[in-house]
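Everything in the sequence shown is counted per full-length UniProt numbering, starting at 1 for the first residue and increasing by one. No residue lacks a Cβ here, since even glycine has one placed at the ideal position from N, Cα and C. First the structure, in the form of structure tokens, and then the observations on it.
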Amino acid sequence: MTTRSGKVGDRLFSLAGRVGAVVAFTFMAAPALFIVVLSFSNDKFIGFPPKTWGLDRYTSVFTSGTWLDPISLSLQVAALAALLALVLVVPAVLGMKRGMLPGAGLIEATAIAPMLFPIAAYAVAMYAVFAEAGLIGTFHGIVLSHAIHAVPLVVIVLSTALDRVRPELELAAMTMGASRARAWVGITLRLLTPAVLGGATLAFVSSFDEAVFITFLGGPGLVTLPKMIFDSVQYGVDPSITAIATILMVVTAGLMLGATQLRKDVR
């Protein structure tokens, strides 16, 4: 009797888990599917269900400077921020993990700590520093802020990957005459290539989707795509934002899947 009751309980528990998973997935996916459907509407206003269908909203996005300029700026900032984050993090992680750097654990914790801060509070602090440095309203100031914001992500990815690379491989190369620098470049960095690419992808996505720093640190002529979307919603909803949102979701999902696959390659 107890065994039968236990089996019934297990089945009910399993069923409840499946129902919960379906409800959670539906709750998360429904808004995205809703936006995708609306993006193929030719109506002048956002309304569901669409009365007419077509690609007018996508055409508007790719033929109007209103959207192309912010897209171009976001791509430039994200690419440069990702590159700068890698330039800062790669040697730092090698020094912390392989260079016997004093206080390496504290340095790593400090590098990751900004992820724990409220982003608005962090943006205010960054505004104060950048104002003193004369970087408010400048392109390179935006790139630097996005790179700093991406550093914790890249540190986590590269630190985790480097922990899986056996130091014995570097030692073997050095016993055969290679310098430490050559062993790092020829062995360690080569094995870390997937993680480096994955970290760069995460940094790019983090920058491309960022809308808080640009609000505090931007200025005339510095309007990224996320900022343009917020402005469009605040000052009058442009139906084209449904197409923009769909494009962002598809591109971001693709990049995140790519980054995930690259991290698996490291393992």
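For Ser14, which three-state DSSP category applies? In the three-state DSSP reduction, Ser14 falls in the helix class (H, G or I).
Applying the 10 Å Cβ sphere with the 16-neighbour rule, what's the burial state of Tyr235? Taking all protein chains shown into account, Tyr235 has fewer than 16 neighbouring C-beta atoms within 10 Å of its C-beta and is therefore exposed.
Per DSSP, which residues does Ser41 bridge with? Please list them. Beta-bridge partners of Ser41 (DSSP): Trp53.
Shortest alpha-carbon distance to Ile142 belongs to which of Phe208, Gly198 and Thr160? Among Phe208, Gly198 and Thr160, the Cα nearest to that of Ile142 is on Phe208.
Close Cβ partners of Leu135 (< 6 Å) along its chain, the five nearest in sequence each way excluded: Setting aside the 5 residues that flank it on each side, Leu135 is surrounded in the same chain by Gly141, each with a C-beta closer than 6 Å to its C-beta; the list follows chain order.
My assumption, with CB atoms under 8 Å, is that Ala172 sits in contact with Ala85. Please give the rounded CB distance. Taking C-beta atoms under 8 Å as the contact rule, Ala172 and Ala85 fail to qualify, at a distance of about 31 Å.
Starting from Ala200, follow the alpha helix (DSSP H) in both directions and report where the run begins and ends. For Ala200, the enclosing alpha helix (DSSP H) has its first and last residue at Leu189 to Phe208.
Distance CB(Thr242)-CB(Ser39) smaller than 7 Å: Yes, they are a contact pair.
Between the Cα of Leu73 and those of Val251, Gly221, Ile229 and Val250, spot the shortest distance and give me the residue it belongs to. Of the residues Val251, Gly221, Ile229 and Val250, the one whose Cα lies closest to the Cα of Leu73 is Gly221.
So the alpha helix (DSSP H) Thr138 belongs to, where does it begin and stop? Where Thr138 is concerned, there is no enclosing alpha helix (DSSP H), given that its DSSP letter is neither H nor E.
State the Cα-Cα distance for the pair Val165 and Leu116, rounded to the nearest angstrom. Roughly 28 Å between the two C-alpha positions.
How would you call Val237, buried or exposed, if buried means at least 16 neighbouring beta carbons within 10 angstroms? Its Cβ having fewer than 16 others within 10 Å, Val237 is exposed.
4-residue-minimum alpha helix (DSSP H) runs that sit fully inside the region 52 to 89, ordered along the chain: Complete alpha helix (DSSP H) runs here, min 4: 56 to 63.
Helix, strand or coil at Met1 [DSSP, three-state]: Below a pLDDT of 50, predicted positions are generally treated as unreliable, and Met1, at 48, falls in that range; the measurement from the model is reported next regardless. In the structure shown, Met1 sits in coil (DSSP, three-state: anything other than H, G, I, E or B).
Under the rule that 16 or more other beta-carbon atoms within 10 Å means buried, what is Arg11, buried or exposed? Burial call: exposed.
My understanding is that Ala81 touches His146, with C-beta atoms under 8 Å, so please give their C-beta distance in whole angstroms. With 8 Å as the limit, Ala81 and His146 qualify as a contact, their Cβ atoms being about 4 Å apart.
In terms of alpha-carbon separation, which member of Leu162, Phe25, Trp67 and Ala111 lies closest to Thr188? Ranking the options by Cα distance to Thr188, first place goes to Leu162.
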